[in-house]
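Counting from 42, one number per residue, gives the positions in the sequence shown under the numbering used here.
Beta carbons: idealized from backbone N, C-alpha and C, even for Gly.
The structure displayed is predicted, hence computed values, not measured ones.
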Amino acid sequence: MRAEDIQAIRALPGFSVMDDAVFSRMLAVSFLQTFPTGVVLHEQDSLADFLFVLLSGSAELTACHGNSEGTVTIYGPGRPFSLAAVISDKPTLACARTIGPSLALMVPASALRSAISECCRFSQAMLVEVSRQNLDLVREINNQKLRNSAERLANWILSSAERVGAERIQLPFRKRTLASLLGMTPENLSRTIASLEPHGVSFHGAAIAIRDAEALRRLARPTALIDA
42 MRAEDIQAIR
52 ALPGFSVMDD
62 AVFSRMLAVS
72 FLQTFPTGVV
82 LHEQDSLADF
92 LFVLLSGSAE
102 LTACHGNSEG
112 TVTIYGPGRP
122 FSLAAVISDK
132 PTLACARTIG
142 PSLALMVPAS
152 ALRSAISECC
162 RFSQAMLVEV
172 SRQNLDLVRE
182 INNQKLRNSA
192 ERLANWILSS
202 AERVGAERIQ
212 LPFRKRTLAS
222 LLGMTPENLS
232 RTIASLEPHG
242 VSFHGAAIAI
252 RDAEALRRLA
262 RPTALIDA
């Protein structure tokens with residue numbers, strides 16, 4: 042790995058607190074890999090051979106049952122995914138697939154477990170990350186069960202705009218993916234998009250413009266118990 046790559050990995054949450062010797066041993070058996078769009082990083086119901094942490098790009102976690110498939114969540118840079126499965130050496134509950142060109146750190150599962158047992162601070166950091174992912178999951182369950190489709194879409198738009206600090210955002214993936222992420226069918230998403238027009242939102246293809254943030258916020262009614 043290049044020196045700048047090692048610095049970027051060292052700066053990742055959790056990795057920044059590792060003992061130098063433990064970090065060096067883990068990095069010696071890990072590697073960086075670039076992936077184009079649509080590459081499956083691991084299948085559903087398979088033992089995770091690696092922990093993946095994106096340095097750039099994004100990945101979609103999807104689950105299948107019979108003929109149905111749905112988006113569970115989407116990960117961007119800096120967040121390890123399928124961490125609980127890697128730590129517990131259990132099968133993954135979702136398939137991970139890149140949804141854009143991505144650069145990922147791949148840490149062998151056995152090396153990650155060894156680092157956790159050897160470094161108390163790293164172990165604590167991984168515990169915090171697993172807890173964070175659990176809280177995210179409960180928030181998403183609440184979002185799906187307690188809000189209608191218009192409220193879910195409105196809050197997704199608000200949180201996306203706040204994340205980039207702009208009132209104009211670009212949909213980072215297909216509308217079909219957004220529909221699945223928000224627990225809708227593509228047809229329902231189209232109707233919901235139209236219903237937000239009176240609440241200060243305009244869609245133009247993949248471009249989303251917030252014309253009246255206060256009107257959208259009145260519809261969305263964001264809360265810290267659901268919206269991180």
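Practice prompt. Might you give, ordered along the chain, the residues of its own chain that have their beta carbon closer than 7 Å to the beta carbon of L237, omitting 5 neighbours on each side?
Written response: A191, L194, A195
Worksheet item: Which value, in whole angstroms, describes the spacing of the CA atoms of V169 and G55?
Response: 9 Å
Worksheet item: To which residues of the same chain is V81 closer than 8 Å at the C-beta, ignoring the five residues directly before and after it?
Response: C136, A137, R138
Worksheet entry | Reference T114; option with closest CA among R66, A250, A62, S221 | S221
Practice prompt. Would you tell me roughly how many angstroms separate the C-alpha atoms of G107 and R43, rounded to the nearest one?
Written response: 44 Å
Worksheet item: Given that a residue counts as buried once 16 or more other Cβ atoms are within 10 Å of its Cβ, and exposed if not, what is T103?
Response: buried
Practice prompt. Count the C-beta pairs between the region 226-234 and the region 257-268 that are closer than 8 Å, then say yes if the count reaches three, no if not.
Written response: no
Worksheet item: How about the region 51-71 and the region 137-156: do they share at least three Cβ pairs that are nearer than 8 Å?
Response: yes
Practice prompt. Inspect the CB distances between the region 202-217 and the region 243-251 and report whether three or more fall short of 8 Å.
Written response: yes
Discussion item. To the nearest angstrom, how far is the alpha carbon of S155 from that of S164?
Written reply: 10 Å
Discussion item. Quick check on this structure: which residue in F244, K216, S71, P227 has the alpha carbon closest to the alpha carbon of I140?
Written reply: K216
Discussion item. For G111, list the residues DSSP reports as bridge partners.
Written reply: A104
Item to complete: For M225, collect the residues of the same chain with a Cβ closer than 6 Å to its Cβ; drop the 5 residues on either side in sequence, then sort them by chain order.
Response: S190
Practice prompt. Whole angstroms is fine: what's the gap from G241's alpha carbon to I198's?
Written response: 11 Å
Discussion item. Checking 9 Å against the spacing of the C-beta atoms, do F122 and F76 come in under that value?
Written reply: no
Worksheet item: When the distance is taken between beta carbons, is L95 closer than 9 Å to G119?
Response: yes
Worksheet entry | Own chain residues within Cβ distance below 8 Å of D60, not counting five before or after | E159, C160, R162, F163
Fill in: Through-space distance from T112 to R180, alpha-carbon basis
15 Å
Discussion item. Is the beta carbon of S57 closer than 9 Å to that of A152?
Written reply: no
Worksheet item: Where DSSP assigns a beta bridge to T139, which residues make up the other side?
Response: A100
Practice prompt. Could you round the C-beta distance between Y116 and S99 to whole angstroms and report it? I think they count as a contact, below 8 Å.
Written response: 7 Å
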